[in-house]
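Read through the structure below, which is laid out as structure tokens, and then see the notes.
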Amino acid sequence: MISLNSPIETRAHGWRAGPKLLGLCAATMVLFALTSLWAHMAIFAMTLGIYAMAGTTFLRFGLRRLRVLWPFVAIVLIWHAVTRDLEMGSVIALRLLSAVALANLVTLTTKLSDMIDVVRYLAAPLRRIGVRTMQLELGIALVVRFTPVLAQKGTYLSYAWRARAHKRPNWRIVVPFAVLALDDAEYVADAIKARGGLE
Amino acid sequence: MERNLTLIALFAALIAALGLIPKFTLGFGVPITAQTLGVMLCGTVLGAKRGTLATLLFLLLIALGLPLLAGGRGGLGVFASPTVGFLIGWPLGAFVTGLMVEKLRFASLGVTAAIASVVGGIIVVYIFGVIGMSYTLNKTIPEATMLVTAFIPGDLIKAIVAGAVTVALYKARPKSVLSRV
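Protein sequences, first through last, are from chains A and B. Numbers given in our numbering equal positions in the first sequence, counted from 1, plus 101. Numbers given in our numbering equal positions in the second sequence, counted from 1, plus 1.
This is the structure:
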């Protein structure tokens with residue numbers, strides 16, 4: 102399973118995940134509290150600067166991940182151009198871009214295993230009151246393992262469909278797809294039980 | 002016990018896989034991302050409690066940085082983007098959908114599942130979605146509602162599909178459809 106981790110090793114890769122997440126929370130709260138256009142322009146420039154510090158490849162990688170936001174940025178700017186309040190529109194658009202770019206930055210520089218450690222840390226109080234968090238961790242592992250498996254099976258299903266029909270697959274393909282997921286769940290449950298279960 | 006966990010995990014994986022497989026059409030030539038269909042199915046098939054847990058597990062993995070949303074999106078960035086409300090609405094949407102399928106017995110399973118998907122998978126999810134959009138884009142609730150209405154017809158079709166798929170699954174694997182066991 103490919104994670105969204107950056108292939109380019111940055112200095113921030115070595116930092117602890119917890120403080121990075123706390124910093125992100127604080128930064129996002131500040132972003133939503135500020136209303137000055139200049140402040141938002143400065144923050145966005147600073148955010149891009151942080152990306153650029155890790156090299157131009159990293160910066161381009163980060164900018165590409167912001168592409169999904171363009172429709173929203175366009176809507177906001179057009180909307181506020183029509184209502185003749187482009188300053189407000191620019192603030193909203195910049196805030197959006199900075200907030201997502203900063204959040205992406207944490208994801209890009211934090212390994213999946215480090216993030217799972219944070220989950221384990223946060224789940225510690227639950228363990229103390231008797232909740233078995235082992236199931237949570239096993240659940241994460243199962244999803245990571247079975248997403249590509251199911252996607253592969255789904256692709257085969259659509260090949261099989263095309264081999265038999267002229268038309269593109271329609272919604273009916275979801276039925277065998279979900280049956281496969283249900284069956285896999287039953288097999289894996291039996292396999293876990295056979296290995297001593299969750300107790 | 003083991004079965005609960007694996008069904009929850011496999012349905013979380015199913016939501017992800019529905020975003021990864023080549024797009025299929027709804028018969029009207031409209032290509033859709035089927036992930037919201039997956040959320041509806043979590044409710045109609047797994048029931049309220051497990052359906053909610055499956056969507057929560059899926060969201061947790063998104064937050065941890067896996068690109069499981071349609072188009073390979075994921076990571077913490079999606080929780081700062083305008084569509085965040087829809088994601089936050091998923092667990093409650095799955096809960097409401099599941100609860101309705103479990104409790105309502107006045108109609109056939111298919112009709113109940115479709116109605117439940119409309120209420121949980123559309124109304125509940127859109128309430129959160131609109132609030133999220135109004136907050137991130139600084140728009141009033143009616144303005145934000147206007148921005149998302151274009152997606153409602155597609156989701157209504159998905160709710161009907163969810164009903165049909167649930168019936169077919171109940172025929173194929175009656176013991177696994179936990180909302181009716």
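All residues carry an ideal CB built from backbone N, CA and C; glycine is no exception.
Around Ala224(A), the same chain offers Thr234, Leu237 as residues with beta carbons nearer than 7 Å, after the five sequence neighbours per side are excluded.
Not flagged as an interface residue toward chain B: Leu123(A), since no C-beta distance is shorter than 7 Å. Burial is judged here by how many other beta carbons sit within 10 angstroms of a residue's own beta carbon; Val183(A) has fewer than 16 and is exposed. Excluding residues up to 5 positions away in sequence, Thr210 lie with their Cβ nearer than 6 Å to the Cβ of Ala113(A) in the same chain.
In the DSSP assignment, Ala290(A) falls within the unbroken alpha helix (DSSP H) covering 275-295.
Residue Ser137(A) holds the alpha-carbon nearest to the alpha-carbon of Gly190(A) among Ser137(A), Leu281(A), Val245(A).
Leu70(B) carries a strand assignment under DSSP once its states are collapsed to helix, strand and coil. Under the rule that a run must span 4 or more residues, the alpha helix (DSSP H) segments found entirely inside the stretch 209-234 of chain A read 213-223, 225-229.
The residue from Arg228(A), Phe278(A), Val232(A), Leu160(A) with its alpha-carbon nearest to that of Tyr260(A) is Phe278(A). Chain order gives the chain A residues near Ala18(B) as Phe247, Thr248, Pro249, Val250, Leu251, Ala252, Gln253, Lys254, Gly255, Phe278, Ala282, where near means a beta carbon separation below 9 Å. Interface residue (Cβ-Cβ distance to chain A less than 7 Å): Val112(B) is not classified as such. Per DSSP, Ile89(B) is one residue of the alpha helix (DSSP H) stretching across 85-104. For Ile217(A), the chain B residues whose C-beta falls within less than 7 Å of its own C-beta are Leu65, listed in chain order. Gly39(B) and Ile241(A) have their C-alpha atoms some 18 Å from each other. For the stretch 78-103 of chain B, the set of residues with a beta-carbon nearer than 7 Å to any beta-carbon of chain A comprises Gly78, Phe80, Ala81, Ser82, Pro83, in chain order. 7 Å or more divides the Cβ of Ala49(B) from the Cβ of Phe87(B). Comparing alpha carbon positions, the residue from Arg74(B), Ala114(B), Val149(B) closest to Val131(B) is Val149(B). Chain B has a Cβ within less than 7 Å of the Cβ of Ala286(A). Comparing alpha-carbon positions, the option among Gly133(B), Ala64(B), Val126(B), Val162(B) lying closest to Ile217(A) turns out to be Ala64(B). Counting along the chain, Asn5(B) sits inside the alpha helix (DSSP H) bounded by residues 3-21. Cβ neighbours of Gly121(B) within its own chain (closer than 6 Å, five residues either side excluded): Gly44, Gly94, Val97, Thr98. Under the Cβ distance rule, Phe159(A) does not count among the residues neighbouring chain B, no pair being separated by less than 7 Å. Per DSSP, the unbroken alpha helix (DSSP H) holding Trp139(A) starts and ends at 138-154. Here the stretch 168-181 of chain B does not lie against the stretch 122-142 of chain B, with fewer than 3 beta-carbon pairs under 8 Å apart. Contact between the stretch 56-73 of chain B and the stretch 103-112 of chain B is absent, with fewer than three C-beta pairs closer than 8 Å. The Cβ of Leu198(A) sits no closer than 7 Å to any Cβ of chain B. Between the stretch 192-204 of chain A and the stretch 167-178 of chain A there are three or more inter-stretch CB-CB distances shorter than 8 Å, so the stretches are counted as touching.
Non-local beta-carbon contacts of His181(A) in its own chain, meaning distances under 7 Å to residues more than five positions away in sequence, involve Leu187, Met189, Gly190 in chain order. Counted as a single uninterrupted DSSP element, the stretch harbouring Arg174(B) is not any alpha helix (DSSP H), since DSSP gives it neither H nor E. Listed along chain B, no residue sits closer than 9 Å to Arg228(A) by beta-carbon distance, the nearest being about 17 Å off.
When C-alpha distances from Ala252(A) are compared across Ala71(B), Gly66(B), Ala160(B), Leu62(B), the shortest belongs to Ala71(B).
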